[in-house]
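Take the sequence shown: its position 4, counted from the start at 1, is 1028 in the working numbering, and no numbers get skipped.
For reference, the structure discussed in these notes is given below.
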Amino acid sequence: MICHAESLQRRYGNLTLTDTGLTALGWEQSSALAEWLRTHEQIDNLITSPQLRCRLTAQRVSQSLGIPVVLESLFPMTPRRDWLTQPPIFHTPTEQDADAAEYAGYLHRVIEAFNHTLGTRWGTTTAVIANPNAIVALLRILGGGQLAVNLDDTGITEFTLVDRRWLLAYVNRREHLPRPMMNNAVARAEMPIDSDVRDQVVMARQVYNQIATSVSIEELQEQANITGANDKDFVRFAEISEGQRILEVGSGLGHLSMSLAKTGALEVVGIDVSPAMLERAEYLRLSSGDADILRRVSYRLGPAHDLPFANQTFDLVVCRMLLHHIVKLRRALDEFNRVLKPGGLLLIDELNGSDDAVKRATQNAIESRRNPSHATIRTPAQYRDQLNTAGFQVQREKIAKRERRVKQWLDEVAVDGQTRHAVTEMLEASIETDAAELNVHEQNDELIFDQQIIYIVAQKTE
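Quick look at the structure:
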């Protein structure tokens, strides 16, 4: 029995919803747990309770172990967290009869789920990701006591059946989580083999973790309002049909994923390499109060080169401002092709590189100085060639311009003063000759440029 990783419900007291996703630390915990299980245990079966925090933890473990997750809906939701340390049987019966009866019913449902889960799996090692109350309930039932227990996130509790009797092997095992918990931890099981690809993913994770932790909730809401118009323009161009399963790769703060949920999508899954970004995105999802977003949107942790999904899972894969961070584009495109259903679509919203190699080099220099996780800007012809080679056929494309205010553009990645000054100087130096083909100019004492964008719709052909 394994307690789920840290959830937003535990960290943010102002959230009224109880079925929440994972925090940044929770994603790191689940990655460390998955790696430890892969190298220290032989797991035959992987079961999860229905709560979102349990399912997300289990999916990280499943990705590392290479075994499927089975959803066990019989495990009950946790009515009250205070039952961990003070179950109603500790109280005066005359005052707590109703609570004691509710707790007894909960214990009965937990042991029923436990017996059902193991009923067809005797002789195997089964890992069950559950909420802490369910695990403590089993400790009390099988131990016959009134134990007060506080389980930590991803703590492992093991029961072993010997001579038809349950033996408790250990409670709340946590050596898979070093102290202090590592920053920007990356489980080896999820990382691509190529060192240059791995280094780029690690860099992106570090950069966007730092960006996410430097942005306040109020600034997040402001960014959502600013990017809303661009979302609408991209969604209109995409002409997305209703009832589709959509994957957004590089979902960041989740603004586009939430916009996509309003198109009538059956499901929208956002995936990103930054645990901190995923925590912020989950907070925004839970705070939206929008039934479509709450029901249809969820998030995962992982890189574009190694997506934790089965073949032919999605009708649509969406990438927005992601591909210029990727060194080996073909590897990511192959993954997009793999998870798309036959005839599925890939939608791209990306920086458009100049056909002039010198100007494109200047564009790259500016982008790299602003954001060290930037890899390269590509031209429309380069995208077409790569897409065709990866089994896609371009159906439509559009070149657009977005007027960007330099101050706001730099604020989006939380650059320091030295970087801000250097990038501003580079843009100003390009004004006279338009060296970067960005039409940099001043307006009302503010520096502005035209960001070149390409939209592409490509269909999976093989």
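For glycine and all other residues, C-beta sits at the position ideal for the given N, C-alpha and C.
- Message: Given this structure, state the Cα-to-Cα distance separating Arg-1441 from Gln-1234, to the nearest angstrom.
- Response: The sequence shown places Gly at residue 1441, not Arg. Rounded to the nearest angstrom, the two C-alpha atoms are 15 Å apart.
- Cα-Cα separation, Glu-1291 to Arg-1319: 8 Å
- Query: Between Asn-1208 and the rest of its own chain, which residues show a CB-CB distance below 8 Å, the 5 nearest in sequence each way excluded?
  - Reply: At Asn-1208, the pLDDT of 41 sits below 50, so the modelled position is not reliable and the matter cannot be decided from this model.
- Item | Alpha-carbon spacing of Thr-1148 relative to Asn-1069, whole angstroms | Cα-Cα distance, rounded: 8 Å.
- Assigned secondary structure, Ser-1397 (DSSP; H/G/I helix, E/B strand, else coil): In the structure shown, Ser-1397 sits in coil (DSSP, three-state: anything other than H, G, I, E or B).
- Item | Per-residue burial, Asn-1157 [other beta carbons within 10 Å of its own, 16 or more giving buried] | Residue environment for Asn-1157: buried (at least 16 other C-beta atoms within 10 angstroms of its C-beta).
- Task: Identify which residue in Ser-1298, Asp-1296, Thr-1287 and Gln-1336 has its Cα closest to the Cα of Ile-1317.
- Result: Thr-1287
- Message: Give the list of continuous beta strand (DSSP E) stretches no shorter than 3 residues that lie fully inside the stretch 1144-1195.
- Response: 1150-1154 and 1180-1186
- Message: For Asp-1469, tell me which candidate among Ala-1446, His-1445, Asn-1463 and Val-1430 has the shortest Cα-Cα distance.
- Response: Val-1430
- To the nearest angstrom, how far is it from the Cα of Ala-1029 to the Cα of Ile-1478? 39 Å
- Message: Please give the ranges of any alpha helix (DSSP H) in the stretch 1299-1324, keeping only runs that are unbroken, at least 4 residues long and fully inside the region.
- Response: Every unbroken stretch of the alpha helix (DSSP H) spanning 4 or more residues and falling wholly within the stretch 1299-1324 is given here in chain order: 1299-1311 and 1315-1320.
- Message: Can you list, in chain order, the residues of its chain with a C-beta nearer than 6 Å to that of Asp-1054? Leave out the 5 residues immediately preceding and following it.
- Response: First, the amino acid is wrong: residue 1054 is Ser here, not Asp. If we look at Ser-1054 and ignore the five residues flanking it on each side, its Cβ neighbours are Ala-1029, Thr-1081 and Arg-1084.
- Query: Is DSSP giving Ile-1135 helix, strand or coil here?
  - Reply: helix
- Message: Looking at Ala-1385: is its Cβ nearer than 9 Å to the Cβ of Met-1450?
- Response: no
- Shortest alpha-carbon distance to Met-1025 belongs to which of Gly-1367, Ala-1405 and Ala-1193? Ala-1193
- Query: With 16 other CB atoms within 10 Å as the buried threshold, where does Ser-1322 fall?
  - Reply: Label assigned to Ser-1322: buried.
- Any 3 or more C-beta pairs closer than 8 Å across the stretch 1401-1410 and the stretch 1292-1308: no
- Item | Straight-line Cα distance separating Arg-1222 from Val-1141 | Checking the displayed sequence, the identity of residue 1141 turns out to be Thr instead of Val. Whole-angstrom Cα-Cα distance: 38 Å.
- Task: Return the CA-CA distance between Ser-1073 and Pro-1112, expressed in angstroms with no decimal places.
- Result: 24 Å
- Determine the closest residue to Ser-1086 out of Arg-1260, Leu-1166 and Gly-1326, with distance taken between C-alpha atoms. Gly-1326
- Message: Quick check: Ser-1031 and Leu-1061, are their CB atoms within less than 9 Å of each other?
- Response: no
- Task: Starting from Gln-1410, trace the alpha helix (DSSP H) both ways and give me its first and last residue.
- Result: Residues 1404-1413.
- Item | Presumed contact (8 Å Cβ cut-off) between Ile-1401 and Gln-1387, rounded CB distance | 5 Å
- Item | Proximity below 9 Å, CB of Gln-1419 to CB of Gln-1475 | no
- Item | Leu-1039 versus Gly-1313 - alpha carbon distance | 11 Å
- Message: Going by the DSSP bridge assignment, what does Lys-1383 pair with across the sheet?
- Response: According to DSSP, Lys-1383 bridges with nothing at all.
- Message: As an exercise, report each continuous alpha helix (DSSP H) stretch of at least 4 residues that is fully enclosed by the stretch 1422-1453, in chain order.
- Response: 1430-1435 and 1441-1453
- Residues of its chain near Gly-1294, where Cβ-Cβ distance is below 6 Å and the 5 sequence neighbours each way are ignored: Excluding residues within five positions, the ones whose Cβ falls inside 6 Å are Glu-1272, Ser-1275, Gly-1278, Ser-1281 and Tyr-1323.
- When the Cα atoms are used, what is the spatial distance from Ser-1392 to Ala-1459? 16 Å
- Query: Can you tell me whether Gln-1268 is buried or exposed, with buried defined as 16 or more other CB within 10 angstroms of its CB?
  - Reply: buried
- Cβ-Cβ separation, Leu-1331 to Glu-1359 (assumed contact under 8 Å), whole Å: Indeed they touch by this definition, with Cβ atoms about 5 Å apart.
- Message: In this structure, how does DSSP classify Arg-1355 when only helix, strand and coil are distinguished?
- Response: helix
- Could you give the distance in angstroms between the alpha-carbon of Ala-1446 and the alpha-carbon of Glu-1436? 16 Å
- Residue closest to Lys-1365, alpha-carbon to alpha-carbon, out of Glu-1486, Val-1152, Asn-1139 and Trp-1051: Glu-1486
- Message: I need the DSSP call for Ala-1482, collapsed to helix, strand or coil.
- Response: When secondary structure is reduced to three states using DSSP, Ala-1482 falls in the strand class.
- How about Val-1342 and Ala-1262: do their beta carbons lie closer than 9 Å? yes
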